[in-house]
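A short worksheet on the structure shown next.
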Amino acid sequence: MSSSFLNVQGLRKSFGGHLVVLDDINFQMEAGERVVVIGPSGSGKSTLLRCVMGLEKIDHGRIELEGVRYIEADPKSTKDNFVNIPVRNKVGMVFQHYTLFPHLTVLGNLILAPMRARGESRSSSTERAMQLLTRLGLESKAGAFPGMLSGGQKQRVAIARALLLDPKIMLFDEVTSALDPELVTEVEGLMLELAEQKMSMMIVTHDMWFAKRIATRVIFSADGRIIEDAPPSKMFTNPAEPRTADFLKKVLHVETIS
Amino acid sequence: MDITAALGFLWDYRLALSVGLGNTLHFTALGLVFGLTIGFVVSVVRQAGHPVLKVIVTTYVEIFRGTPVLIQLFWFFFCLPAILGVELGNVFSTVLTLSLYMGAISSESFRAALKAIGAEQRDACVALGLPARVSVPYVILPQTVLRAVPTLLSNCVTLFKESALVSAVGMADLMYQGQMIADATARPIEILTATALIYFVIAFSVTRIVSFYERGYLARMRL
Amino acid sequence: MGRYTWDFSVIAANWDPLMAGLAVTLQLTAICAVIGLVGGFLVCQMVMSRIAPLRWVAIGFIEVFRCTPALVQIIWIFYCVPFFFGVFYDPFYMAILALGMNITAFNAEAYRAAIQAIPSSHYDACTALGLSPLKKTLFVILPQAVLMAIPVLLTNTIGLLQQTSLVAIVAIADLMYEGKTLATQTYRPIEIYTTVAFIYFALSVPLSQVVGLCERRLRSRLA
Numbered sequence: 001m002s003s004s005f006l007n008v009q010g011l012r013k014s015f016g017g018h019l020v021v022l023d024d025i026n027f028q029m030e031a032g033e034r035v036v037v038i039g040p041s042g043s044g045k046s047t048l049l050r051c052v053m054g055l056e057k058i059d060h061g062r063i064e065l066e067g068v069r070y071i072e073a074d075p076k077s078t079k080d081n082f083v084n085i086p087v088r089n090k091v092g093m094v095f096q097h098y099t100l101f102p103h104l105t106v107l108g109n110l111i112l113a114p115m116r117a118r119g120e121s122r123s124s125s126t127e128r129a130m131q132l133l134t135r136l137g138l139e140s141k142a143g144a145f146p147g148m149l150s151g152g153q154k155q156r157v158a159i160a161r162a163l164l165l166d167p168k169i170m171l172f173d174e175v176t177s178a179l180d181p182e183l184v185t186e187v188e189g190l191m192l193e194l195a196e197q198k199m200s201m202m203i204v205t206h207d208m209w210f211a212k213r214i215a216t217r218v219i220f221s222a223d224g225r226i227i228e229d230a231p232p233s234k235m236f237t238n239p240a241e242p243r244t245a246d247f248l249k250k251v252l253h254v255e256t257i258s
Numbered sequence: 001m002d003i004t005a006a007l008g009f010l011w012d013y014r015l016a017l018s019v020g021l022g023n024t025l026h027f028t029a030l031g032l033v034f035g036l037t038i039g040f041v042v043s044v045v046r047q048a049g050h051p052v053l054k055v056i057v058t059t060y061v062e063i064f065r066g067t068p069v070l071i072q073l074f075w076f077f078f079c080l081p082a083i084l085g086v087e088l089g090n091v092f093s094t095v096l097t098l099s100l101y102m103g104a105i106s107s108e109s110f111r112a113a114l115k116a117i118g119a120e121q122r123d124a125c126v127a128l129g130l131p132a133r134v135s136v137p138y139v140i141l142p143q144t145v146l147r148a149v150p151t152l153l154s155n156c157v158t159l160f161k162e163s164a165l166v167s168a169v170g171m172a173d174l175m176y177q178g179q180m181i182a183d184a185t186a187r188p189i190e191i192l193t194a195t196a197l198i199y200f201v202i203a204f205s206v207t208r209i210v211s212f213y214e215r216g217y218l219a220r221m222r223l
Numbered sequence: 001m002g003r004y005t006w007d008f009s010v011i012a013a014n015w016d017p018l019m020a021g022l023a024v025t026l027q028l029t030a031i032c033a034v035i036g037l038v039g040g041f042l043v044c045q046m047v048m049s050r051i052a053p054l055r056w057v058a059i060g061f062i063e064v065f066r067c068t069p070a071l072v073q074i075i076w077i078f079y080c081v082p083f084f085f086g087v088f089y090d091p092f093y094m095a096i097l098a099l100g101m102n103i104t105a106f107n108a109e110a111y112r113a114a115i116q117a118i119p120s121s122h123y124d125a126c127t128a129l130g131l132s133p134l135k136k137t138l139f140v141i142l143p144q145a146v147l148m149a150i151p152v153l154l155t156n157t158i159g160l161l162q163q164t165s166l167v168a169i170v171a172i173a174d175l176m177y178e179g180k181t182l183a184t185q186t187y188r189p190i191e192i193y194t195t196v197a198f199i200y201f202a203l204s205v206p207l208s209q210v211v212g213l214c215e216r217r218l219r220s221r222l223a
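Protein chains in written order, with full-length UniProt numbering: chain Z, 1 to 258; chain P, 1 to 223; chain U, 1 to 223.
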């Protein structure tokens, strides 16, 4: 038993038993850390986040939050993991394609889980939701349907929807990849704000400049393994592993960024 | 052909035609209510039911989609009562056939809509900690229904049109009344054209509603 | 239950008329299917034509045939074509006329939906590659449209097979008609109708399997 805030032990994930996307991942992070996962496409970055959220059936391993095991591979079941749902519900996640519920308004999206799953009253959840939307400058959109919003607005609503559940840790899976370049900053700005408030985060992104700005730690993964784990200052200027250097060279077209 | 005379002639038979139309709408409405219920249940069973149940309902859907409605009607009129050894009544047989047919075709519409709700929406439900008792009625069901509405309305039009077949087993629907008057008066042109027109106006209006709904409501939500 | 004793020897005894009926059904289906494949494409071209009157005629044609029951179409054509045009063709040809126009309307919609599903970037790419409008239609648009329309066209053809049973009502000796006649003659409606239903079903099932196969292959090819 480790005392780490988030503890991933011996995580293995394959699709159909052959295609191994995560191979014996061991990884710890402390509260308030912001871990950015980088690596080539297909290196299992998103799958790692999805496993931490409990969206994937894992072959082997376990995941703990604040010392409590909440996901563990169940060798007897081919469909489900062992899951401690109340603990898992302390994890929040935002996806690349927003995944807002298209038939509900912005406000409806925000208060659905607090009201229906957590038993909070409509008035109290609405009040909290409106406060949050006001903070994000989205209060005028409360009655709008997601289809009427810009991509940046949708993604900020998606983040707000997750935040309203008071998560201990937030997972961001390529949340700016589907956005037009001019809309990226509004979402990244919100994430930087959360960073200032010491929110624990795991982030998968292709944007190395943003990674450098927000990360307290950067993980380079390839072929389902963690190749290198270092602070951004080291990772982006002087990576230890040749594979990391190679990757950064390809995506940045320069040797290092500063 | 003199239009005024034709209209006058039709006016004389307005009562018989409206009785026929009333029956057509009556059979269609009952077929819709029972058929949509059957269709929804069948689609859920096919998605998540017991394997044996799945085989049974899939066979049911295939049989009713794979045979002419006319033979289904004949079968439920002449064969089922004999096999069961009980009198079922003509209206009962009519509504039973139309409901089972509607159930089979609408189950496919429900199924397609259920499938169209992406895995991402289900992921979002997990990430928000929504248990099935919340995600099914508040996320999955409303989206299924909203998406299925256009095809279901088309299914309704299909059922409405197929209901004309009940005239072949002697049910006094619009088609039957039209044919009877045509035969009795030897003026088929006016009567049959009027009959066709009545069917057309109703079916066409519903198809307009479908495209209005698709362009307006669904486009706004980008479902 | 169980009171009824099944006796399928009646089927063997009347095998020939049933097969003769089946032959008529298959002929009707095949001829109308070909008419529908070609006619549907032509009508679809008319719908997308730049000449407004052509468009109106085509849209009117499609809506009339899609929004009225096939039975009404058949009966209307049987009664009214001889009256308007002063000719009386063999009932078989009248049936081909009615069913052929019906499936043409439905197929035209299938082609149109397929053509509209071709992304506009393909048109831009053709322009960028300097293809003439004719070459664009022939080598880029047409092959894709036909490919994408195949599942719906096949589904329509299955529908056609079942619709042909309607001609029994106007006394054309197809499978349905032979079944009806034999059912009355032999007093064995249960065996006869069940067999007839089974034959239609056995013809439809392989076709619908092909539809499923086409959809899966198309999805992987055009993904």
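Ideal placement from N, C-alpha and C gives every residue a C-beta, glycine not left out. Just so it is clear, the structure is predicted and the values come from calculations on it, not from any experiment.
The region 71-82 of chain P: which residues have C-beta closer than 7 Å to a C-beta of chain U, in chain order? ILE71, PHE74, TRP75, PHE78, CYS79, ALA82
Flag PRO51 (chain P) as yes if its beta-carbon sits less than 8 Å from any beta-carbon of chain Z, otherwise no. no
Buried/exposed call for THR127 (chain U), threshold 16 Cβ in 10 Å: exposed
Leaving aside the five residues before and after SER46 (chain Z) along the sequence, list all residues of the same chain whose C-beta is less than 6 Å from its C-beta, in chain order. ASP173, VAL204
DSSP three-state call for MET1 (chain Z): helix, strand or coil? Confidence in MET1 (chain Z) is poor, its pLDDT being 46 and thus under 50, which makes the residue's placement unreliable; the coordinate value appears in the next sentence. Three-state result, MET1 (chain Z): coil.
DSSP bridge partner residues for ASP223 (chain Z) (one or two, in chain order): Looking at the DSSP assignment, ASP223 (chain Z) forms no beta bridge with any residue, so it has no partner.
Chain-ordered chain P contacts of TYR200 (chain U) [CB-CB under 8 Å]: GLY66, THR67, PRO68, ILE71
C-beta neighbour in chain P for GLU178 (chain U), strict 8 Å: no
Does the region 89-101 of chain P touch the region 9-29 of chain P, meaning 3 or more C-beta pairs lie closer than 8 Å? yes
Chain U contacts made by the region 198-218 of chain P, where a contact means CB separation under 7 Å: TYR199, PHE200, ALA203, PHE204, THR207
Identify the continuous beta strand (DSSP E) that holds SER200 (chain Z) and give its terminal residues. 200-204
Measuring CB to CB, does ALA144 (chain Z) end up less than 8 Å from VAL94 (chain Z)? no
At the level of alpha carbons, what is the spacing between ASP15 (chain U) and LEU182 (chain U)? Just to set this straight, residue 15 (chain U) is Trp in the shown sequence, not Asp. Rounded to the nearest angstrom, the two C-alpha atoms are 10 Å apart.
GLU63 (chain U): which of U:PHE41, U:GLU109, U:LEU160, U:VAL34 sits nearest, CA to CA? U:GLU109
Indicate whether at least one CB of chain P lies closer than 8 Å to the CB of PHE101 (chain Z). yes
Cross-chain neighbours of VAL149 (chain P) in chain Z, by beta carbon under 9 Å: Those within 9 Å of VAL149 (chain P) in chain Z number zero; the least Cβ separation is about 12 Å.
Rounded C-alpha distance that separates PRO181 (chain Z) from GLN153 (chain Z): 13 Å
CA-to-CA distance, PHE27 (chain Z) to PRO167 (chain Z), given in whole angstroms: 20 Å
Applying a beta-carbon distance threshold of less than 7 Å, which residues of chain P neighbour CYS214 (chain U)? Chain P residues near CYS214 (chain U): none, gap ~16 Å exceeds 7 Å.
Beta carbon of ALA222 (chain Z), beta carbon of GLY39 (chain Z): below 8 Å? yes
In whole angstroms, give me the CA-to-CA distance for CYS214 (chain U) and GLN144 (chain U). 14 Å
Touch check for the region 62-72 of chain P and the region 102-116 of chain P: three-plus C-beta pairs under 8 Å? yes
When the cut-off is 8 Å and only beta carbons count, does MET1 (chain U) lie next to chain P? Note on MET1 (chain U): pLDDT 48, under 50, position unreliable in the model; no value is reported.
Other residues of its chain near THR207 (chain P): CB distance less than 7 Å, five sequence neighbours each side excluded: VAL157
Mapping the DSSP letters down to three states, classify LEU179 (chain Z) as helix, strand or coil. coil
Quick check: ALA33 (chain U) and LEU207 (chain U), are their CB atoms within less than 8 Å of each other? no
Does any residue of chain P have a CB that is nearer than 8 Å to the CB of TRP76 (chain U)? yes
Would LEU183 (chain Z) and GLY151 (chain Z) qualify as a contact pair, given that the criterion is a beta-carbon distance under 8 Å? yes
If the criterion is Cβ atoms closer than 8 Å, does the pair GLY36 (chain U) and ASN107 (chain U) meet it? yes
Got a sec: which bits of the region 79-90 of chain Z sit with their beta carbon under 8 Å from any beta carbon on chain P, in order along the chain? ILE85, ARG88, ASN89
Which residues in chain U sit within 7 Å of LYS54 (chain P), going by Cβ to Cβ distance? What LYS54 (chain P) touches in chain U: nothing, since even the nearest Cβ is about 16 Å away.
Starting from the C-beta of GLY20 (chain P), find all residues in its chain whose C-beta is less than 7 Å away, skip the five residues before and the five after it, and write them out in chain order. ALA172, ASP173, LEU174, TYR176, GLN177, GLY178
Are the beta-carbon atoms belonging to ILE25 (chain Z) and ILE226 (chain Z) less than 8 Å from one another? yes
From the DSSP secondary-structure annotation, give me the bridge partner or partners of GLY92 (chain Z). Z:MET170
Counting only Cβ pairs nearer than 9 Å, list the residues of chain P close to PHE15 (chain Z). Chain P residues near PHE15 (chain Z): none, gap ~14 Å exceeds 9 Å.
Could you name the residues of the region 120-132 of chain P whose beta carbon sits closer than 8 Å to any beta carbon of chain Z, in the order they occur along the chain? GLU120, GLN121, ASP123, ALA124, VAL126, ALA127, LEU128, GLY129, LEU130, PRO131
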